[in-house]
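Engineer: For the working numbering, add 41 to where a residue sits in the sequence shown, where the first one is 1.
Note that the Cβ used here is the ideal one computed from N, Cα and C, for glycine as well.
The structure under discussion is supplied below as structure tokens; questions concerning it will follow.
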Amino acid sequence: MEPYAFYKGDFMPLSEAKMGILTQSLHYGTATFGGIRGNWDSEQERFCLFRLQDHYNRLLFACRILKIDLPYSHQDMCQLTIELVKKSGYRQNVYARPLAYKSSEAIGVKIHGLENDFLIIVTTLPPYLDTSQGVRCCVSSWRRIDDSMIPTKCKVTGTYVNSALAKTEAIENGFDEAILLTQDGHVSEGSGENIFIVINGTLITPPASDNILMGFTRDAVMKLAKNELGVDTVERSVSRSELYLAQECFLTGTATSIAQVVEIDRRPVGNGKTGKITAKLQEIFADIALGRNPRYSDWYTLVYPTQ
Ligand code: PMP
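Structure (structure tokens):
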């Protein structure tokens, strides 16, 4: 089984999809990507693409900002992703990576007057954060970029230098993940995840104004906490010291799902074990991610592989 791509208007094995080395977006980060999970349900023999439509709304929002005009509609993009998942032949969790990018082979820092293209890769997803032991985080010495520098509400590829610096610093210092603060010292998010804490039974997460990516897992968690556990989420700025006070902390994202944080800056979170609210949300979310709960069918695109 090998990764499959939709590239230059065709479906092909990833190994056949080649790109010119002068491609403008490779040099200047002028592209936007998505990350869509296809969770394989071995009992039902189907994939559940989680929040497929939302992912393409976010991608098209970034395309507006980056002046990327494409000959594909939102519906085309969703349909191409579904077809690619089917063609790939996988029978395990997959990850769809769409990329809309400045495809001109040209030197020059700009976003106007360039050709654009769109590709999708379907591959498997290596485990992102190990949730068997819980995640050990540090507060990064790198600050989260501000929306006035590069738009933070969409996944512009250039932005991820910020995340990559923070992640590698964390790993090289012996942690699993970095938590980035805003310029004014509020907790923003992980390198590729949103963050939640629980203080005295209140679920708290940083607001849009603290330069977070508005994650769909974050959104799902807030809705599940309310509907299934009767717990409201307070969206407010969080200070660094509150991370040390929290009884629970977890990270959310497409690659991660819900990962319990057991230690921050070498201080245990709560009793250093998975918290009660976190554990309940993880359990509920595992079912949702497979598309098994009809109450949340708006979030699912169920794909049955062709035989
Ligand atoms: N923040 C960043 C920087 C991310 O890259 C991601 C992953 N897309 C998230 C948060 C979580 O977003 P989502 O739940 O939509 O995957």
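1) Use the C-beta contact count for Ala249: other C-beta atoms within 10 angstroms, 16 or more gives buried, fewer gives exposed.
2) Which residues in the same chain have their Cβ closer than 6 Å to the Cβ of Arg92, if we skip the five residues on either side of it in sequence?
3) Measuring straight from C-alpha to C-alpha, what distance separates Ala300 and Leu55?
4) Among Thr209, Glu213 and Cys290, whose alpha-carbon lies nearest the alpha-carbon of Ile245?
5) Under the criterion of a Cβ to heavy atom distance below 7 Å, does Ser204 qualify as lining the ligand PMP?
6) For Ala330, which residues of its own chain have a beta-carbon under 8 Å away from its beta-carbon, when the five flanking residues on both sides are left out?
7) Exposed or buried, Asn214, counting other C-beta atoms within 10 Å across all chains shown (16 or more means buried)?
8) Considering only the beta carbon of each residue, do Leu160 and Phe47 sit closer than 8 Å?
9) What are the start and end residues of each continuous beta strand (DSSP E) run of 3 or more residues lying completely inside the stretch 56 to 94, in chain order?
10) Of the residues Leu111, Thr73 and Phe237, which one's Cα is nearest the Cα of Ala266?
11) Any heavy atom of the ligand HEM inside 7 Å of the beta-carbon of Phe257?
12) Going by beta carbon distance, what residues of the same chain come within less than 8 Å of Ile240, once the five residues before and after it are set aside?
13) Is DSSP giving Asn98 helix, strand or coil here?
14) Starting from the C-beta of Lys321, find all residues in its chain whose C-beta is less than 7 Å away, skip the five residues before and the five after it, and write them out in chain order.
15) Buried or exposed: Gln120, going by 16 or more other Cβ atoms within 10 Å of its Cβ?
16) Note down, in chain order, each residue of its chain lying with its Cβ closer than 6 Å to the Cβ of Arg185, except the 5 sequence neighbours on either side.
17) Do Gly149 and the ligand PMP come close, with the Cβ less than 7 Å from some heavy atom?
18) Which one of Lys128, Val275 and Leu343 has the shortest CA to CA distance from Pro44?
19) Just checking Leu254 against the ligand PMP - is the residue's beta carbon closer than 7 Å to any of the ligand's heavy atoms?
20) Cβ of Ser189 within 8 Å of Cβ of Ala207?
21) Does Met53 come out as helix, strand or coil in the three-state DSSP assignment?
22) Can you tell me which of the three DSSP states His227 falls into?
23) Identify whether Leu270 lies in helix, strand or coil by the three-state DSSP scheme.
24) Is the closest heavy atom of the ligand PMP to the C-beta of Thr295 under 7 Å?
25) Can you tell me where the alpha helix (DSSP H) holding Thr319 begins and where it ends?
26) Terminal residues of the continuous alpha helix (DSSP H) containing Ala300?
27) Hey, is the stretch 150 to 157 in contact with the stretch 105 to 113, meaning 3+ C-beta pairs nearer than 8 Å?
Structural biologist: In short:
1) Against the sequence shown, residue 249 aligns to sequence position 208. Burial call: exposed.
2) Here residue 92 is taken as the residue at index 51 of the sequence shown, counted from 1. Result list for Arg92: Phe257 and Trp340, in chain order.
3) Within the sequence shown, residue 300 is the residue found at index 259, counting from 1. Within the sequence shown, residue 55 is the residue found at index 14, counting from 1. Their backbone Cα atoms lie some 30 Å apart in a straight line.
4) In the sequence shown, the residue the question calls residue 245 occupies position 204. Closest option to Ile245, Cα to Cα, is Cys290.
5) As a first step, residue 204 is located in the sequence shown; it is residue number 163 there, counting from the start. Answer for Ser204: yes, Cβ within range of the ligand PMP.
6) Residue 330 sits at position 289 when you count from the first residue of the sequence shown. Cβ within range, chain order: Arg78, Asn80, Cys89, Phe91 and Ser298.
7) Locating residue 214 in the sequence shown gives position 173, counting from the first residue. Counting Cβ neighbours within 10 Å, Asn214 comes out exposed, since fewer than 16 surround it.
8) As a position in the sequence shown, residue 160 is number 119, starting the count at 1. As a position in the sequence shown, residue 47 is number 6, starting the count at 1. Yes, these two residues count as a Cβ contact at 8 Å.
9) 72 to 74, 77 to 82 and 87 to 91
10) Position 225 of the sequence shown, counted from the first residue, corresponds to residue 266. When only C-alpha atoms are compared, the closest one is Phe237.
11) Annotation note on the ligand HEM: not contained in the displayed structure, which lists the ligand PMP as its ligands.
12) Reading the sequence shown from its first residue, position 199 is the one you call residue 240. Non-local beta-carbon contacts of Ile240 in its own chain, meaning distances under 8 Å to residues more than five positions away in sequence, involve Glu283, Leu286, Ala287 and Gln288 in chain order.
13) Locating residue 98 in the sequence shown gives position 57, where the first residue counts as 1. Of the three classes helix, strand and coil, the one that applies to Asn98 here is helix, per DSSP.
14) Locating residue 321 in the sequence shown gives position 280, counting from the first residue. Excluding positions up to five away in sequence, the list reads Leu270.
15) As a working mapping, residue 120 is identified with position 79 in the sequence shown. Looking at its Cβ environment, which holds fewer than 16 other Cβ atoms inside 10 Å, Gln120 is exposed.
16) Position 144 of the sequence shown, counted from the start, is the residue given in the question as residue 185. Within the same chain, Arg185 has close Cβ partners Leu221, Thr223, Ser229 and Asn252.
17) Counting from 1 along the sequence shown, the entry for residue 149 is found at position 108. No, the beta carbon of Gly149 sits no closer than 7 Å to any heavy atom of the ligand PMP.
18) Position 3 of the sequence shown, counting from 1, holds the residue named residue 44. Ranking Lys128, Val275 and Leu343 by Cα distance to Pro44 puts Lys128 first.
19) Residue numbering aside, residue 254 sits at position 213 when the sequence shown is read from its first letter. For the ligand PMP, at least one heavy atom lies less than 7 Å from the Cβ of Leu254.
20) Translated into the one-based positions of the sequence shown, residue 189 becomes position 148. Translated into the one-based positions of the sequence shown, residue 207 becomes position 166. With a cutoff of 8 Å on beta-carbon distance, Ser189 and Ala207 are scored as not near each other.
21) Within the sequence shown, residue 53 is the residue found at index 12, counting from 1. Met53: strand per DSSP, three-state reduction.
22) Position 186 of the sequence shown, counted from the first residue, corresponds to residue 227. Three-state DSSP puts His227 in a strand.
23) Here residue 270 corresponds to residue number 229 of the sequence shown, with the count starting at 1. In the structure shown, Leu270 sits in a helix (DSSP, three-state: H, G or I).
24) Mapped onto the sequence shown, residue 295 falls at position 254. Checking every heavy atom of the ligand PMP against the Cβ of Thr295, one is found closer than 7 Å.
25) One-based indexing of the sequence shown puts residue 319 at position 278. Here the alpha helix (DSSP H) through Thr319 covers Lys317 to Ala330.
26) Here residue 300 refers to the residue found at position 259 of the sequence shown. From DSSP, Ala300 is part of no alpha helix (DSSP H) but of the beta strand (DSSP E) over Ser298 to Ile305.
27) yes
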